[in-house]
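Sequential numbering from 10 applies to the sequence shown in this note's numbering.
Glycine included, each C-beta is placed from N, C-alpha and C at the ideal position.
These numbers were taken from a predicted model, which means no experiment stands behind them.
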Amino acid sequence: MRRKGVVGIALAVALAASLCACGNGNNAGTTTAPTTGGTTAAPTTAAPSGNGETKAPETTTAKTVDKPASISWWTHDGLNEEDYVKEWDAKFGEISGVTMEHTQVSNNEYHELLEVAFASGTEPNIFDLSCDQKVAYYASQGAIADLTDLIKESGIYDRVDPAVWEAIAIDGRIYGIPRENSGGVVNYARQDWLDQLGMEAPKNYDEYLNMLRAFRDNVDQCKIPLTVPGLHLAMNLPEFYWEAEADITYKDGQWVDGMLEESFSGAMQRLQDAYAEELIDTEAVTNTTSACRDKWYSGEVGVFSYWAGKWGNTLETRIQENFPDAKLATLDAIEESYYRHSGFNILCIDGRLPKEEVEKVFYAFFGTIFDGEKGQELMYCGVEGLHFEYDANGDMQYLNMKSNAESVFQSVWGSPWSAVVSFNDETHLPKPSDKAIETEAVLARTGRYKATTPSSGTLNTITSDLTAIRQETIAKIVMGSMTVEEGMEGYARQAKALGIEQVLAEMNQ
């Protein structure tokens, strides 16, 4: 749906400047066009039954909403263009009765182009934003619509885990819907090495360290007990960070700098001691995730922290190509700690649209892709005959990709088993591997969602410098070139000079 007219120059420039300063962005252009015939019925929906299953929707009177002529949507992930995107768009139009104006944008340029689109009044009707500051900032500028009432009246609200709404809400208001559950990192270990040593999976910190030591000392193949991409993310090193975070975090009703909390010193001491024992990869500071994966596939690594889900299956099958007897264990979080989810990414609606146009777009788009049936099947599984087919038992099977004939699709615009809005019937959907199911279950046992981060203009201007100081301080402490006390004192001085107190004041106001 394209809105006609041009935003006032002063407003456009002001918003562009503020968005660029924030570093937020998504792109797509369009505003509303006149409504042309037809209506969209707000769907009745299936709600969770309380035991994780869905129950049949109660019979209700569907709300009738006029359809927009078209919807514009920008994406920067998911399908490659050659993997039947045009056919997907056409099928959406067939199901919804609304033309899809779909623009695919390079992921690296997405945020910058979205800022430009807002400045020129050509932003899309639908776009996605990260809950790490971007949602809060765009909401504060009126750039995304408050969807709370529409989500509740449509029935979608009752088909989502309440913890998800709590994680993405801002002052109790909801500005978008996640396509998928937010990812999380778990610890993978060599089960065959544990078996060789007659060891059980560790349950606490001492047992975890003893496992790493046993791999180092008693497994000839082991060159690196634990590999990790960087030392500054608690998500990747929960066994050492425990409750600590090297980031702005929410504690006791206030946003605080995790590195200034008392718990952070303990985390640094644990990491420093483990590094001195050569339990942690000596190249951790400069490691990329791909370098860590390569080390894991080489058979030299005992433990690797990485994404739960389909990556669990990939890590096991790839190492077995080189070492057929290798087995992967997904470790539960130790008693002293927990696993972390990354921040949610949510689909939003242009907040500049008139209220009645927001409602039309909501029911035409969200009412289709989250209908629990054919529209939601299209969103996550694609077009029958191109992205998937039904087998003799009536179950879906993904087909081979056009862009890579040796690989099958594992998702379209999201994985069906990761959808946060429940399907009415999930029994026939493509099934993840057993290892993916196992790893997601491990994450679910202790995984904590990350709260939506408030915006701070000061933080936007100092983020890169603050991040560099954090990473440098942590690296020097862990590698032993300064004591924990020296590092914490130095960080406190530098963070204060940058304006961390103003950042926290803005986030807590």
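Option nearest residue i by Cα separation, candidates the options
i	options	result
residue 421	430, 400 and 396	396
residue 362	281, 135, 258 and 214	135
residue 483	269, 451, 262 and 339	269
residue 248	147, 340 and 436	340
residue 237	292, 283, 458 and 81	292
residue 391	360, 133 and 417	417
residue 213	207, 221 and 206	221
residue 443	326, 434, 508 and 93	326
residue 304	284, 316, 331 and 138	331
residue 189	148, 195, 137 and 208	137
residue 315	516, 351, 95 and 295	351
residue 333	308, 121 and 472	308
residue 85	133, 74, 78 and 104	133
residue 487	424, 230, 285 and 180	285
residue 324	195, 469 and 182	195
residue 79	91, 105 and 491	105
residue 345	306, 217 and 393	217
residue 492	274, 81, 148 and 120	274
Bridge partners - residue i, DSSP secondary structure assignment
i	result
residue 152	Answer is none; residue 152 lacks a bridge partner.
residue 187	355
residue 108	79
residue 428	189
residue 160	Partner(s): none; residue 160 has no beta bridge.
residue 387	Answer by DSSP bridge pairing: none, since residue 387 is not bridged.
residue 405	399
residue 194	316
residue 205	BP columns for residue 205 are empty, so no partner.
residue 417	409
residue 113	84
residue 393	397
residue 446	In DSSP, residue 446 forms no bridge with anything.
residue 139	354
Buried or exposed (CB count within 10 angstroms, at least 16 for buried), residue i
i	result
residue 399	exposed
residue 403	exposed
residue 130	buried
residue 115	exposed
residue 319	buried
residue 385	buried
residue 258	buried
residue 272	exposed
residue 219	exposed
residue 401	exposed
residue 456	buried
residue 377	buried
residue 502	exposed
residue 152	buried
residue 227	exposed
residue 510	exposed
Residue i versus residue j: straight-line alpha-carbon distance, rounded
i	j	result
residue 475	residue 439	43 Å
residue 513	residue 241	20 Å
residue 83	residue 379	18 Å
residue 263	residue 347	21 Å
residue 250	residue 98	45 Å
residue 40	residue 354	Legend: pLDDT at residue 40 = 30, less than 50; position of this residue unreliable, value from coordinates given subsequently. If I take the Cα positions, the gap works out to 22 Å.
residue 224	residue 200	11 Å
residue 451	residue 445	10 Å
residue 365	residue 371	10 Å
residue 297	residue 146	30 Å
residue 232	residue 282	18 Å
residue 338	residue 458	23 Å
residue 411	residue 101	20 Å
residue 64	residue 141	Unreliable positioning characterises residue 64 in this predicted model, as indicated by a pLDDT of 42, which lies under 50. The coordinate reading is nonetheless provided below. Computed Cα separation, rounded: 33 Å.
residue 66	residue 211	Residue placement at residue 66 is poorly supported in this model, since its pLDDT is 43, which falls under 50; the coordinates are not used for a value here.
residue 175	residue 184	12 Å
residue 6	residue 163	There is simply no residue 6 to check, as the chain begins at 10 and stops at 518 in what is shown.
residue 432	residue 499	52 Å
residue 112	residue 358	15 Å
residue 161	residue 167	7 Å
residue 62	residue 276	Note that residue 62 scores 42 on pLDDT, short of 50, meaning its location in the model is unreliable; the coordinates nonetheless yield the value given after this. Answer to the nearest angstrom: the Cα atoms are 39 Å apart.
residue 425	residue 389	5 Å
residue 381	residue 187	15 Å
residue 93	residue 172	35 Å
residue 312	residue 449	18 Å
residue 477	residue 279	22 Å
residue 375	residue 144	18 Å
residue 472	residue 437	46 Å
Beta carbon proximity, residue i to chain D, threshold 8 Å
i	result
residue 335	No chain D appears in the structure shown, which is made up of a single protein chain.
Practice item. Please specify which runs of the beta strand (DSSP E), each continuous and at least 3 residues long, are wholly inside the region 297–351, giving them in chain order. Key: Taking 3 residues as the minimum length, the beta strand (DSSP E) runs contained wholly in the region 297–351 are 310–316 and 337–340, in order along the chain.
Point to revise | beta strand (DSSP E) segments (min. 3 residues) lying fully within the region 233–295 | key: Runs found: 233–236, 257–260 and 263–266.
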